[in-house]
């Protein structure tokens, strides 16, 4: 059973086989030194500093969603040459509603993938051996949205109300209600799709939403809403988490490439957070050019993402860091819906080296 899986929960919302090989997703050969040897070589993974003498490491990164601002950090890093600074040639492969992310990393098509913690854990339960080495979204954007003139401000206020809920979210909200101490029998659940029209029409009092999607879309139509995050009431899963195979994690010749990618991507996200509109312009005019993205809406979406990415809890460590408390909440959240997982799924080791 899955929890707030990004691909499942936000499908159609417009945001957003097992085997091991020596260097999954890494297209350049790995050598024992930084010197070229019989062709292009890879800087030693034991060193986190790129070598000016070695050929760039060429790698594929499987993104979790389409080429919009949800992936602003990597796109900014690519545009500004931060990957080149790390002697990397990076292909950023967009995902989408039908993308199957974890197998691309397990099979070696990609070296690094982005997904939610629960889908990664489920992949491991099915035989993969993946490690989460950082996360973009510290707080999951899954939220309960209501109209501003009739707000539902917290889980307890759902009692006696009608909640528009997608069928795929029923297990999630059952567990969330238990966690938040809400009497689920006092809530009338109304089946809905992802379009918030039933909320606007008054058919429901609250709507299971994604903080950076439906509220932004309604605001563009002049409709004000209020939302609360499930994560703020103890039900949280890392989203857009970076994962690799355990073999990559333990391979001295390859892990250094991941460390350098993390360092460059952090720079990209730092720039995106400092200037969301500039980052949105890079995405809209570049990788997202064929998607007919609206610059203002993408800028606003990115602004909504910022407080979910750059939280006070990681101030001492920097972006992507996973605190012990946050890891414990993730484990508890997954266990609450039947996903058996341990804290060893998560590691800050490569971030610490970056």
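In this note's numbering, the protein residues as written are 66 to 419. Where a beta carbon is used, it is the ideal one built from N, C-alpha and C, also for glycine.
message: Taking a contact to mean a Cβ-Cβ separation below 8 Å, would you say residue 232 touches residue 252 in this structure?
response: no
- request: Could you pull out every residue in the same chain whose Cβ sits closer than 6 Å to the Cβ of residue 330, ignoring the five residues on either side in sequence?
  value: 138, 139, 142
field: Range covered by the beta strand (DSSP E) that runs through residue 350
entry: Counted as a single uninterrupted DSSP element, the stretch harbouring residue 350 is not any beta strand (DSSP E) but the alpha helix (DSSP H) occupying residues 341-350.
- prompt: Whose C-alpha, out of 328, 384, 413, 371, is nearest the C-alpha of residue 345?
  reply: Nearest of 328, 384, 413, 371 to residue 345, Cα basis: 371.
query: Helix, strand or coil: how does DSSP classify residue 204 here?
result: Coil.
The stretch 295-308 touching the stretch 180-200, judged by at least three CB pairs closer than 8 Å: yes
task: Using 10 angstroms around the beta-carbon of residue 183, count the other beta-carbons present and answer buried if the total reaches 16, otherwise exposed.
output: Buried, by the Cβ-count rule.
- prompt: Apart from the five residues on each side of it in sequence, which residues of its chain come closer than 8 Å, Cβ to Cβ, to residue 386?
  reply: 199, 379, 413, 416
task: Might you give, ordered along the chain, the residues of its own chain that have their beta carbon closer than 8 Å to the beta carbon of residue 166, omitting 5 neighbours on each side?
output: 72, 127, 129, 160, 178, 179, 180, 184
- prompt: Should residue 211 go down as buried or exposed, given a rule of 16 or more other Cβ atoms within 10 Å for buried?
  reply: Classification for residue 211: buried.
- prompt: Does DSSP put residue 133 in a helix, in a strand, or in coil?
  reply: Residue 133: coil per DSSP, three-state reduction.
field: Closer than 8 Å to chain D by CB, residue 128
entry: In summary, chain D is missing from the structure at hand, where a single protein chain is found.
Counted within 10 angstroms of its Cβ, other Cβ atoms place residue 286 as buried (16 or more) or exposed: exposed
task: Kindly identify the DSSP beta-bridge partner or partners of residue 119.
output: Within the DSSP secondary-structure output, residue 119 pairs in no beta bridge.
- request: Quick one: using the 10 Å Cβ neighbour count with 16 as the cut-off for buried, is residue 146 buried or exposed?
  value: Exposed is the call here.
- prompt: Could you give the C-beta distance for residue 133 and residue 384, rounded to a whole number, given that I count them as a contact under 8 Å?
  reply: The Cβ separation is near 19 Å, so there is no contact.
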